[in-house]
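Quick note: the sequence shown, position 66, residue 66 per UniProt numbering, numbers continuous.
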Amino acid sequence: MEVLRSWRADWRFPTTVLCIYGFLSTVKPMEPFLILYMTGPDKNLTIEQVEHRTGRTQSLGGLGSLLL
Numbered sequence: 001m002e003v004l005r006s007w008r009a010d011w012r013f014p015t016t017v018l019c020i021y022g023f024l025s026t027v028k029p030m031e032p033f034l035i036l037y038m039t040g041p042d043k044n045l046t047i048e049q050v051e052h053r054t055g056r057t058q059s060l061g062g063l064g065s066l067l068l
């Protein structure tokens, strides 16, 4: 437990958090490929259903990055 406290007090913790945030904020979903895959004959979803599901995922992902 002391190792964790000393690591959080050191410069490495904020640097790690900033690097993780920077990486996650620049990662873009593969929406064009995802929509083509999900509307294909295997999954048989409509475009509206796929947009609703990916929109919800994007908003939850934004909330997760804010919590970091």
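Note that the Cβ used here is the ideal one computed from N, Cα and C, for glycine as well.
By how many angstroms is the C-alpha of Leu-45 removed from the C-alpha of residue 85?
Because residue 85 is not part of the residues shown, which for the chain are 1 to 68, the question remains open.
CA-to-CA distance, Gly-22 to Glu-51, given in whole angstroms:
Translated into positions along the sequence shown, residue 51 becomes position 51. Translated into positions along the sequence shown, residue 22 becomes position 22. Taking the straight line from one Cα to the other gives about 25 Å.
Let's see if you can read the secondary structure: which residues bound the alpha helix (DSSP H) around Val-27?
Numbered from its first residue, the sequence shown carries residue 27 at position 27. From DSSP, Val-27 is part of no alpha helix (DSSP H); its letter is neither H nor E.
8 Å contact criterion, which Ile-20 and Ile-35 should meet: CB distance rounded
Counting from one through the sequence shown, the residue named residue 20 turns up at place 20. Counting from one through the sequence shown, the residue named residue 35 turns up at place 35. About 28 Å; that fails the 8 Å criterion.
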